[in-house]
Every structure is written in C-alpha cells, then in structure tokens.
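Throughout, the working numbering is defined as the position within the sequence shown, counted from one, plus 16. We treat Cβ as the ideally placed atom computed from N, Cα and C, and that holds for glycine. For reference, the structure is listed below as structure tokens.
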Amino acid sequence: MVHLTLEKLVKVCDKMSSWERFVIFLAELAGTSTFVLLGCLGCVSGSPEIITFGFGFAIMICVQVFGHISGAHVNPAVTVAAAIFGNISLINVPIYIVAQIFGAICGFELLKILVKNHENDVPNLCSPNPNPNLNSVQIFLSEFLLTLVLIWVCCGIWDLRNKNRSDSIPLRLGLAVTGLAMAGITLSGAHMNPARSFGPALLNNGTWDYQWAYWAGPLFAGVIGPLIYKIVFLQIKEDAKGCSEDNP
C-alpha cells in the first residue's frame with residue numbers, strides 16, 4: 017500500500033527564475049485571450065454545433081502554440097489540478113490564475129470590438145446562460161461533472177506512462193472539450209472554466225446569475241479529479257511495481 021504524504025501530493029516551490037515565471041504569465045495571458053476570443057466568436061452564430069467545435073478548436077490552437085511554454089492551462093481548474101498532480105509548484109498557481117483571468121477579460125474585450133455592430137443580436141454574449149429549468153445545485157453539478165472528466169483527460173496526458181504519446185495532445189484535448197461541450201451545452205452551457213465564465217460576465221454589464229456555480233464546480237473538480245487519479249490509478253502503478261520486484 018502506498019501512503020501519500022503532503023510532499024507526494026504537491027510541489028510547494030521550484031527553482032524558476034523571475035523571468036521564467038513572467039514568461040509563463042505572458043503565455044497564459046495570451047493563451048486564455050486566444051481561447052476566449054476564438055471560442056466566443058462561435059457564440060455569435062448562436063449555433064450549438066459551431067459553439068462546441070469552436071471551443072474545441074480554440075483549445076487545439078492554444079495547446080499547440082503555448083503548451084510547451086506554460087502547459088496551456090488557460091483554465092484555473094486545470095491549474096489547480098496540475099498543482100495537485102505535481103506538474104507545477106504551488107507558488108506558481110496565483111501567477112497562472114491571475115494571467116488567465118486577465119486573459120479572459122482581454123480576449124472578450126477584443127471580441128466585443130470585432131462584433132460591435134452585432135453585439136446586441138446575442139443577449140449576454142458568451143456569458144453563463146444555463147437551462148432555466150435547472151436550479152443552482154444542478155448547474156453546479158453539471159459544471160463539476162463535466163470538468164471532472166476534463167481533468168481526468170488532463171491527468172491521463174500528464175501521466176508519465178503516456179509520455180510517448182504526446183504528438184496528438186492538442187487534438188485529443190480539443191476533441192475532449194468538444195465532446196464535453198456537446199454533452200453539457202443544453203444544461204449549464206458546459207463552460208468548465210471559471211475564467212471563461214468571468215470575463216464575459218464582467219464585460220456584459222453584470223450578468224452574474226449563478227456565477228458562483230461556474231467557479232465552485234470546476235475548481236472542486238480541479239481538486240477532486242487529480243486526487244482520485246493519484247490515489248487510485250498511480251497507486252496501481254506503484255503496487256504493480258512492488259509486486260514485480262517481490263516476484264522476479
């Protein structure tokens with residue numbers, strides 16, 4: 017049996033220079049801006065198919081361009097999960113999240129400039145717009161479960177047993193986001209990203225209904241998802257290794 021200590025669960029600090037942290041900040045800022053701009057452009061059409069594929073393709077682009085720089089989290093929930101999984105140190109988490117929030121604001125502001133003449137055609141463009149038949153708990157659960165699956169996809173990618181299967185990561189993540197968005201777009205809207213929910217809400221003159229659920233659901237998934245993966249699936253790896261050493 018493997019017992020997980022705090023040191024095994026998280027990496028508190030690292031030896032990055034201030035410049036390296038600044039580069040990460042810029043990559044997440046630019047990546048999240050790109051994600052929100054391209055993804056929310058699909059919302060202008062109002063077509064669920066275009067919206068879901070738009071966000072999926074936006075993730076593909078961000079991961080391809082920024083993945084080798086910062087990991088292209090572009091999502092506070094993914095950043096929290098990465099810290100718990102051990103991919104980044106805790107000291108970098110605020111850098112990522114601040115960059116993502118500002119990136120979402122910048123990306124949506126660029127979108128508003130691009131579609132200024134059509135902005136009123138889509139009320140509350142790209143803001144949280146859940147199914148009116150759902151209550152706040154159901155919206156929270158929808159965002160939690162959808163994000164949980166997304167986090168497990170990320171954990172599978174981060175797992176060192178998959179290190180030789182990295183060429184198709186942008187495609188796999190993009191298709192995962194598209195599939196999850198298709199599954200949840202008629203429920204909570206399948207945001208799965210607090211920054212992506214916050215930027216449009218902030219700039220759409222106070223569309224804050226259920227905003228808490230769009231933060232709490234994904235962030236809770238960002239904590240629970242990697243814990244389950246590390247305790248269950250990585251433990252299986254360690255237990256299997258121990259058995260092979262005992263029985264050559």
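Checklist entry - Taking contact to mean at least 3 C-beta pairs separated by less than 8 Å, is the segment 168-182 in contact with the segment 53-67? => result Contact annotation: the segment 168-182 does not touch the segment 53-67, with fewer than three C-beta pairs closer than 8 Å.
Item to check | Span separating the alpha-carbon of Asn263 from that of Phe249 | outcome: Within the sequence shown, the letter at position 247 stands for residue 263. Within the sequence shown, the letter at position 233 stands for residue 249. Below a pLDDT of 50, predicted positions are generally treated as unreliable, and Asn263, at 46, falls in that range; the measurement from the model is reported next regardless. Roughly 21 Å between the two C-alpha positions.
Item to check | Three-state class that DSSP yields for Lys179 in the structure shown | outcome: Numbered from its first residue, the sequence shown carries residue 179 at position 163. Looking at Lys179 - three-state DSSP - the assignment turns out to be coil, as it is neither helix nor strand.
Checklist entry - Looking at the structure shown, is Ser63 part of a helix, part of a strand, or coil, going by DSSP? => result Taking the sequence shown and counting its residues from 1, the one referred to as residue 63 is at position 47. DSSP places Ser63 in coil when its eight states are reduced to three.
Checklist entry - Which ranges does the alpha helix (DSSP H) cover as unbroken runs of at least 4 residues, wholly within the segment 72-147, from first to last along the chain? => result Runs of the alpha helix (DSSP H) lying entirely within the segment 72-147, each at least 4 residues long, are 92-101 and 109-130 in chain order.
Item to check | Exposure label - Asn145; buried when at least 16 CB within 10 Å | outcome: In the sequence shown, residue 145 corresponds to position 129, counting from 1. Classification for Asn145: buried.
Item to check | Sufficient close CB pairs (3 or more, under 8 Å) joining the segment 99-119 to the segment 210-225 | outcome: Touching, per the Cβ criterion.
Checklist entry - How many angstroms separate the CA atom of Ile40 from the CA atom of Pro186? => result Position 24 of the sequence shown, counting from 1, holds the residue named residue 40. Position 170 of the sequence shown, counting from 1, holds the residue named residue 186. Their backbone Cα atoms lie some 19 Å apart in a straight line.
Item to check | Where the alpha helix (DSSP H) containing Trp168 begins and where it ends | outcome: Residue 168 sits at position 152 when you count from the first residue of the sequence shown. Where Trp168 is concerned, the enclosing alpha helix (DSSP H) stretches over Ser152 to Trp174.
Checklist entry - How big is the Cα-Cα spacing for Gly55 and Gly190? => result Mapped onto the sequence shown, residue 55 falls at position 39. Mapped onto the sequence shown, residue 190 falls at position 174. A straight-line Cα-Cα distance of about 12 Å links Gly55 and Gly190.
Checklist entry - Using DSSP with H/G/I as helix, E/B as strand and the rest coil, what is Ile27? => result For this step, residue 27 is matched to residue 11 along the sequence shown. For the sequence presented, residue 27 should be read as Lys rather than Ile. Correct three-state label for Lys27: strand.
Item to check | Any C-beta of chain C under 8 Å from that of Lys128 | outcome: The structure shown contains no chain C, having only a single protein chain.
Next on the checklist: Considering only the alpha carbon of each residue, which of Val109, Ala97 and Glu44 lies closest to Ala88?
Outcome noted: Mapped onto the sequence shown, residue 88 falls at position 72. Cα-wise, what sits closest to Ala88 is Glu44.
Checklist entry - Who are the near neighbours of Ser204 in its chain, counting only those whose CB is closer than 6 Å to its CB and skipping five residues on each side? => result The residue labelled residue 204 in the question sits at position 188 within the sequence shown. Excluding the 5 residues flanking it on each side, Ser204 has same chain C-beta neighbours closer than 6 Å at Pro146, Ile155, Ser158 and Glu159, in chain order.
Item to check | Inter-residue Cα distance where the pair is Val96 and Leu218 | outcome: Mapped onto the sequence shown, residue 96 falls at position 80. Mapped onto the sequence shown, residue 218 falls at position 202. One C-alpha to the other measures close to 22 Å.
Next on the checklist: So the candidates are Ala237, Val169 and Cys122; which of them puts its Cα closest to the Cα of Ala93?
Outcome noted: As a first step, residue 93 must be located in the sequence shown, where it is residue number 77. For the set Ala237, Val169 and Cys122, the Cα lying nearest the Cα of Ala93 is the one of Ala237.
Next on the checklist: On the CB-based measure, 16 or more other CB atoms within 10 Å of its CB, does Met17 come out buried or exposed?
Outcome noted: One-based indexing of the sequence shown puts residue 17 at position 1. The predicted position of Met17 is uncertain, since its pLDDT is 42 and thus under 50; no value can be drawn from it.
Next on the checklist: Can you check which of these residues, Lys128, Ile201 and Asp183, is closest to Gln80 by C-alpha distance?
Outcome noted: What you label residue 80 is simply residue 64 of the sequence shown in a count that begins at 1. That would be Asp183, whose Cα lies nearest to the Cα of Gln80.
Checklist entry - Between Leu282 and Ile100, which are expected to be in contact by the criterion C-beta below 8 Å, what is the C-beta distance as a whole number of angstroms? => result No answer is possible for residue 282: the residues shown for the chain start at 17 and end at 264.
Checklist entry - Roughly how far, in whole angstroms, is the beta-carbon of Val28 from the beta-carbon of Ser105, given that I think they are within contact range, below 8 Å? => result As a working note, residue 28 is residue 12 in the sequence shown. As a working note, residue 105 is residue 89 in the sequence shown. With 8 Å as the limit, Val28 and Ser105 qualify as a contact, their Cβ atoms being about 6 Å apart.
Checklist entry - Considering only C-alpha positions, which residue in the set Phe51, Leu42, Ser49 and Phe214 is nearest to Asn108? => result Position 92 of the sequence shown, counting from 1, holds the residue named residue 108. Ranking the options by Cα distance to Asn108, first place goes to Leu42.
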